[in-house]
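Student: I have a structure I would like to understand better, so I am pasting it below and will then ask my questions one at a time.
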Amino acid sequence: MSRSLRIAAAGIVAFGTLYALILAVLNAPQMQVNLPQQVALNLEQSGIDHPITAVLLNFRSYDTLLEVAVLLVAVVTGLALRERDALTAHTEQARDPMLHALTRRLLPLLLITSVYILWSGSYAPGGAFQAGALVAAAGVIARLAGYDIASRADVLLRLGLALGFILFLTVAVSAMFGGRPFLNYPEGWAGSLIFLIEAVLTFSIGLTLISLFVHAPGDSSPRGGDDDD
Amino acid sequence: MIVFDILLGIGLILAASGVFLSAQLFRSVVLFVVFGLLLAITWTRLQAPDLALAEAAIGAGLTGVLFLDTLGTLRKAKHKRHRKKETHS
Amino acid sequence: MTPILLIIPLAFAILTLLLPRNWARATIIPGLVLQVGAAVLLCIQIYHDGPQDYALGDWQAPLGISLIADGFSVTLLALTSLVAALCAVYAQYFLTRYPREQRYFWPLFWFLLAALNGIWLAGDLFNLYVGLELLGLSAVGMVALTAEKTTLKAALDYLYAALFGSLAYLAGVALLYGAYGTLSIVQLSEMAAANPTTQVALGLMTVGLLLKTAIFPLHYWLPPAHGGALAPVSALLSALVVKASFYILALLWLDVGALAVTVNAAQAMGFLGAGAIFWGSWQAFQTRQIKMLVAYSTVAQLGYLMLLFPLAIGVSEAAAHLAWQGTVLHLLAHAFAKAAMFLAVGTLVLALGHGRINDFGGVSQRNPVALFAFGLSAVSLMGLPPSGGFNAKWLLLQSAIASGQWHWFVVMVIGGLLTAAYVFRVFRVSFVQTAKHDIQETHPALQFSALALALMAIGLGFASEIPMSFMNLTDFTPSPGGSP
Amino acid sequence: MTIDLWYAIVGSIIVALSVFAFLTSRHLMKKLLAFNIMGSGVFLIMVGLPQHQHGVDPVPQALVLTGIVVAVSATALALVILRRYVRAGGNPAP
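Protein chains in written order, with the numbering used here: chain A, 1 to 229; chain B, 1001 to 1089; chain C, 2001 to 2484; chain D, 3001 to 3094.
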C-alpha cells in the first residue's frame, strides 16, 4: 500500500517537473545578453584559440579552480575511507596472459591519445579533463592487469593528486604579487601558462580518478576470492 | 537529418527508461553506458565536440567502470552474507 | 583584498594534506589567525569604502566571474571565521582520540571553509553551484570520516540529498541562462521579470535549496548526519553549512527574482518554516540521545529563517527591514549558540561515555563549564534576554506586528516555549540526579572553546548594532511589494 | 523547431523520468544512476536552450564540462561511501 502511494506521489512530482520544465523551455524570453559574442571578441586576448578552453581556463578559471578542489575533496574522502588491506595482493590477475598482452598494447595508445587531446585543447576540442579521463582509463586498465599503480596512500601520491591544484593556485596567486587581480595571467604568457596548467592538471586528474578506483573499499578488482574466510 | 535527431532523442529517453525499469542492476549499468554513448552522439549533433569527448570518456567510460566495479563488490558482499547466514543456521 | 579569503583556506587545505601529521597540526593556529585577521580587515575595508566588486582574472562579468563583498557577505565571512576558528581549537584536542580521522579532517575542514567563503562572496549563479558542490562533498566527507555503519548511512543520505538539491538548483541556473544569457547575479537582478521561465527556474532552485537547508518536510537527512558526526563536525555543519543554501535562497527571493516571487509563495515558505519549528521541537522533545536533540533543534531553528519570506515580501518597507534585520541576527545568534551547544554536548558525551539524556545525572558537578556553555546557548536559542537570540526574535515579532501578520507572531511565541521545553529536559536530569557511574575529566580547551562560542551568542545581545550597521551596506534589501 | 530546442525538450523529459526514478527506486546504486542521468538531462537543457536562440555558445558548453567532472567526482565519492557501508554490513537496498 505504502509502496503504491509512494509511486503515485513520485508520479505527481515527476509530472509536475515535466510540465514546469516544458513550460519554461518553450516560453523562454529573448536573451538580452549575447555572451558568445563577448567570448569571440575577447578570444584573442585570452591567449587560447579554442573558445571552450578559453572559457574554462581564462574567462571563468575560478570555476575550474573550485572544480579541481571538488575532485580533491572526493579523493581525500576516498583515501580517508580506504581500508588498510587495500594494499594487499592484486597479483592474482597478472597471470592472465590475454589481459596482460592487451594492456601492453593498449596503454601506450591511450597515453599518446591523451597527450594529443591535451595538446589539441588549445585550438580544437580537447583539454585537461578529457585527457585526464584517458590517463585514468589507462591507469584502471593497468590496475586490472595487475600493475601496482597508486596503491600506496603515501605523501608522494598525495603530492601527485594535489600538484595540478597547487600549480593552478600558485599561478593564480602570483598575479597578485605583480599588482594584477587574482587568476589573471601576465600579458603574453596566458597561452603557455594555460598549457602548463592543463598538462599538470591532466596528470593530477588522471591520478585522482585512478586513486578513487584503486582505493575504493571492498577490493577494487576481482581477486580469487581470498578474502572470504 | 531531422529524423535522425528525433530517433536519437527517443533513443535517449528509452535508454534512460531502460536503466530505471530494468530489474537487474547489471543491465541497468550496461544501459547507462549505452545512454552515455547516445549522449555523446547527441553532443556532436549540438555542435559540442568537447562534450562528446568528455561524455564518452568520463560520463560513459569512467562512470560506467566505477559502477560495474562496485556492482562486483556488492555481489560478493551479498554472497558472503548469504553464506554466513547458512553457516549460522 | 577580497580573494585572500579564498586563497588562505585553499592554501591551508593543501598544506594540511601534504605535511606530516605533526607539522600539519602546527599550521592550524597560524592559518586560523590569518583567516580571522583577513575577515576582520575586509570588514573594516567594506565599512569604510562600501560594497565592492572584484573581477577575477580582470574579466568583467558577465564574461568573467566577479566576487561581491557587501555588508551581508562580510558579516557572514566574519561569522564563519570566528565559529570555524573555535571549532578548530576544539577539534585539535577532540581529535587526539581519532588519529586516523585527524589526518583527513584538516584538509576537508579547510576546503569546507573555502567553499563557505566562496559562497558568501559569489557574484555568479553557476559559481554558486560549484561552491555548493564543494561545500556538500566536503561536509559529507567529514560526516563519513568515522566510517561506522550508521554514520556512513547518514553520509550517504546526506550526499544524495545534497546532490539532488544541487541538480535542481543547476536546472534553474540552466533555465535562467537560457532566458537572459547571463549568469551574473547583478545583471540578472536587473533583468529577471515575472515570466514562466523565471518562475519555474526559481521554483526548481527553491526546492533544491530547501532540501539542502533541511527545511521541513525535506529535513529527513539532517538529524542522522548532524547527530552522528564527530562533535566539531556537527558544530560546523549546524552552525554554518546549512546557512549557505539559505543565503542563496534569500539572494534569489529578495534580489535576483524579487519581481517574480509572489506573496502567496512567500506565505507558503512561512508555513514550511512553521512546520519545521513545531516538528523539529517536538522531535527534540521526544528523542533519547542528546546529540539528536541538538540536531532536531537545528531543524526547528532553521524554521525561523523561513519566516523571512512572509515577513519581508509584500509588506511595508519598515516591516520588511525589521524582518531582514531579525533574520540576519537570528542566523548569527543561532550559529554561535548551536556551535557552542554541539561542542558542549560533545564534551559531555566524551566525559560520560554515552549520550543518553536520561542518564545525564551528575554532569553538573564534574563538567560545570561545558554545562554552563550549554545553558548559555540554550538561553539564546529560547530567545531569552540578554542574548542575540532574544534581539533577533524581538525584531521578528515586531516585524510581524508591523505587517499585521499575527499568525507568524503566534508561531514564534509557541516556538520559544517549545524550545524551553526540550532544553529543560536536559537541565532537569543533569542537575537533579546524581552520577550513576564514572565521569571522566575532559581537557579544559574543549570546555572553554564551547563557552567562548556561547558567550558570543549572549554578547551578540549587547552588540547587535555591529552586524546591523553592516547590513545597511548591502546591495539588496527587500523590495516592498513583489508582484501579486 | 531547431534541433537545439528539441534536445532541450528531450532533456526535460529525461529530468522528469529521473526524478521519478530517484524517488521510487530503493537500491542506492539505482538512485545514483538516476542522479547521473538527471544531470545529463539538465546539461541538455543548459546547452540546448541558449543555442536555440543564438547558435553555438561555448559558455554553457564549458559549464557542462565542469558539470560532468563534478558529477563524476560526486559519483565516485558516493560509490566509495556505499562500498564502505556495504563492507560494514549495511544493506544497499533499504
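Yeah, the Cβ is synthetic: ideal placement off N, Cα and C, and Gly gets one too.
By the DSSP assignment, the alpha helix (DSSP H) with D2053 of chain C in it spans what residues?
Tutor: The count along the third sequence starts at 1 and reaches residue 2053 of chain C at position 53. Note, D2053 of chain C: premise wrong, no alpha helix (DSSP H); beta strand (DSSP E) at Q2052 to A2055.
Student: What in chain A is Cβ-close to L1066 of chain B, meaning under 7 angstroms?
Tutor: Here residue 1066 of chain B corresponds to residue number 66 of the second sequence, with the count starting at 1. In chain order: F213.
Student: Going by CA-CA distance only, name the one from D:K3030, D:H3054 and D:A3074 that's closest to P3092 of chain D.
Tutor: Within the fourth sequence, numbered from 1, the residue matching residue 3092 of chain D stands at position 92. Minimum Cα distance to P3092 of chain D is reached at D:K3030.
Student: List the DSSP bridge partners of Q2289 of chain C.
Tutor: Along the third sequence, one-based indexing puts residue 2289 of chain C at 289. Bridge partners of Q2289 of chain C: C:R2356.
Student: For A1968 of chain C, which residues of its own chain have a beta-carbon under 7 angstroms away from its beta-carbon, when the five flanking residues on both sides are left out?
Tutor: Past the boundaries of the shown model lies residue 1968 of chain C; chain C is included only from 2001 to 2484, so the question cannot be answered.
Student: Distance check for G160 of chain A and L56 of chain A, CA to CA, integer angstroms please.
Tutor: Within the first sequence, the letter at position 56 stands for residue 56 of chain A. Within the first sequence, the letter at position 160 stands for residue 160 of chain A. For L56 of chain A and G160 of chain A, the distance between alpha carbons rounds to 22 angstroms.
Student: With a 10 Å radius around its C-beta and 16 neighbouring C-beta atoms as the bar for buried, classify F1004 of chain B as buried or exposed.
Tutor: Sequence index remark: in the second sequence, residue 1004 of chain B carries index 4 (1-based). Classification of F1004 of chain B: exposed, given that the 10 Å Cβ count is below 16.
Student: Please state the DSSP three-state secondary structure of T1063 of chain B.
Tutor: For the purposes of this step, residue 1063 of chain B is taken as the residue at position 63 of the second sequence. The answer is helix: DSSP assigns T1063 of chain B an H, G or I state.
Student: Please state if the CB of F3020 of chain D and the CB of A14 of chain A are separated by a distance shorter than 8 angstroms.
Tutor: Within the first sequence, residue 14 of chain A is the residue found at index 14, counting from 1. Within the fourth sequence, residue 3020 of chain D is the residue found at index 20, counting from 1. Yes, they are a contact pair.
Student: Measuring only between beta-carbons, confirm whether S3012 of chain D sits less than 8 angstroms from chain B.
Tutor: Mapped onto the fourth sequence, residue 3012 of chain D falls at position 12. For S3012 of chain D, the answer is no, since every Cβ of chain B falls outside 8 angstroms of its Cβ.
Student: Inspect the beta-carbon positions of G218 of chain A and A1077 of chain B and report whether they are closer than 8 angstroms.
Tutor: Within the first sequence, the letter at position 218 stands for residue 218 of chain A. Within the second sequence, the letter at position 77 stands for residue 1077 of chain B. In this structure, A1077 of chain B lies closer than 8 angstroms to G218 of chain A by Cβ.
Student: Taking contact to mean at least 3 C-beta pairs separated by less than 8 angstroms, is the segment 2330–2337 of chain C in contact with the segment 2380–2397 of chain C?
Tutor: Result yes; three or more Cβ-Cβ pairs closer than 8 angstroms.
Student: Residues of chain D with a CB under 9 angstroms from the CB of F1032 of chain B: which are they?
Tutor: Within the second sequence, the letter at position 32 stands for residue 1032 of chain B. In chain order: L3033, N3036 and I3037.
Student: Checking contacts by CB at 8 angstroms: is I3003 of chain D closer than that to chain B?
Tutor: Residue numbering aside, residue 3003 of chain D sits at position 3 when the fourth sequence is read from its first letter. So yes, I3003 of chain D belongs to the interface.
Student: Quick check on A2114 of chain C: does DSSP put it in helix, strand or coil?
Tutor: Residue 2114 of chain C sits at position 114 when you count from the first residue of the third sequence. Note: A2114 of chain C maps to helix in three-state DSSP.
Student: Are there three or more Cβ pairs, one per stretch, closer than 8 angstroms when the segment 2338–2348 of chain C is compared with the segment 2304–2312 of chain C?
Tutor: These segments do not touch.
Student: Closer than 7 angstroms by C-beta to G3067 of chain D: which residues in its own chain qualify, once you throw out the five before and the five after it? Chain order, please.
Tutor: Counting from 1 along the fourth sequence, the entry for residue 3067 of chain D is found at position 67. Same-chain partners within the cutoff: G3039 and F3043.
Student: Can you tell me the Cβ-Cβ gap for L3049 of chain D and V25 of chain A, rounded? I've got them flagged as a contact below 8 angstroms.
Tutor: Here residue 3049 of chain D corresponds to residue number 49 of the fourth sequence, with the count starting at 1. Here residue 25 of chain A corresponds to residue number 25 of the first sequence, with the count starting at 1. Sure, about 6 angstroms apart at Cβ, within 8 angstroms.
Student: Along chain D, which residues have their Cβ under 8 angstroms away from the Cβ of M31 of chain A?
Tutor: One-based indexing of the first sequence puts residue 31 of chain A at position 31. In chain order: P3050, Q3053 and H3054.
Student: DSSP beta-bridge partners for G172 of chain A?
Tutor: Stepping through the first sequence from its first residue, residue 172 of chain A is reached at position 172. According to the sequence provided, residue 172 of chain A is Ala. The question's Gly does not apply to it. Note: A172 of chain A sits in no beta bridge, so no partner.
Student: Note down, in chain order, all residues in the segment 1048–1059 of chain B with a beta-carbon under 7 angstroms from any beta-carbon belonging to chain A.
Tutor: Correct list: P1049, D1050, L1053, A1054, A1057 and I1058.
Student: Output needed for A86 of chain A: all residues of its chain with C-beta closer than 6 angstroms, excluding positions within five of it in sequence on either side, in chain order.
Tutor: On the first sequence, residue 86 of chain A is found 86 positions in, with the first residue counted as 1. Bear in mind that the predicted position of A86 of chain A carries a pLDDT of just 46, short of 50, making it unreliable; the figure below should be weighed with that in mind. Around A86 of chain A: H215.
Student: Is the separation between the beta-carbon of Q32 of chain A and that of G2181 of chain C shorter than 8 angstroms?
Tutor: Translated into positions along the first sequence, residue 32 of chain A becomes position 32. Translated into positions along the third sequence, residue 2181 of chain C becomes position 181. Cβ distance < 8 angstroms, so Q32 of chain A and G2181 of chain C count as in contact.
Student: So which of A:R105, A:I117 and A:F213 has the shortest CA-CA distance to F195 of chain A?
Tutor: Counting from 1 along the first sequence, the entry for residue 195 of chain A is found at position 195. Ranking A:R105, A:I117 and A:F213 by Cα distance to F195 of chain A puts A:I117 first.
Student: Alpha carbon to alpha carbon, how far is L2209 of chain C from A2266 of chain C? Give it in angstroms, no decimals.
Tutor: On the third sequence, residue 2266 of chain C is found 266 positions in, with the first residue counted as 1. On the third sequence, residue 2209 of chain C is found 209 positions in, with the first residue counted as 1. Their Cα atoms are separated by approximately 15 angstroms.
Student: Quick one: is Q130 of chain A near chain B, going by C-beta distance under 8 angstroms?
Tutor: Translated into positions along the first sequence, residue 130 of chain A becomes position 130. Chain B, which has a Cβ nearer than 8 angstroms to the Cβ of Q130 of chain A, makes this yes.
Student: I want to see whether chain C comes within less than 8 angstroms of R180 of chain A, judged by CB atoms only; does it?
Tutor: In the first sequence, counting from the first residue as 1, residue 180 of chain A sits at position 180. With 8 angstroms as the cut-off, R180 of chain A counts as an interface residue toward chain C.
Student: Can a CB atom of chain B be found closer than 8 angstroms to the CB of V140 of chain A?
Tutor: Within the first sequence, numbered from 1, the residue matching residue 140 of chain A stands at position 140. Chain B contact via Cβ: present.
Student: Taking any Cβ of chain B, which residues in the segment 38–59 of chain A have a Cβ under 7 angstroms from it, in chain order?
Tutor: Those would be I52, in chain order.
Student: Output, in chain order, the set of chain D residues within a Cβ distance shorter than 8 angstroms of K2338 of chain C.
Tutor: Sequence index remark: in the third sequence, residue 2338 of chain C carries index 338 (1-based). Within chain D, no residue comes near K2338 of chain C; the closest Cβ sits about 25 angstroms away, beyond 8 angstroms.
Student: Would DSSP call D2070 of chain C helix, strand or coil?
Tutor: Residue 2070 of chain C sits at position 70 when you count from the first residue of the third sequence. Residue state, collapsed to three classes: coil.
Student: Check whether the segment 2242–2257 of chain C touches the segment 2374–2389 of chain C, counting contact only when three or more Cβ pairs, one atom from each stretch, lie closer than 8 angstroms.
Tutor: Too few Cβ pairs lie closer than 8 angstroms, so no.
Student: Sort out for me which residues DSSP pairs D2124 of chain C with in a bridge.
Tutor: The residue labelled residue 2124 of chain C in the question sits at position 124 within the third sequence. For D2124 of chain C, which the question treats as bridged, DSSP gives the partners C:S2184.
Student: Does DSSP classify P29 of chain A as helix, strand or coil?
Tutor: Along the first sequence, one-based indexing puts residue 29 of chain A at 29. P29 of chain A: coil per DSSP, three-state reduction.
Student: What does the alpha-carbon distance come out to for the pair I210 of chain A and G139 of chain A?
Tutor: For the purposes of this step, residue 210 of chain A is taken as the residue at position 210 of the first sequence. For the purposes of this step, residue 139 of chain A is taken as the residue at position 139 of the first sequence. Their backbone Cα atoms lie some 6 angstroms apart in a straight line.
Student: Looking at the C-beta of P108 of chain A, does it have a partner C-beta in chain B at a distance below 8 angstroms?
Tutor: Start at 1 with the first residue of the first sequence, and residue 108 of chain A comes out as number 108. Chain B contact via Cβ: absent.
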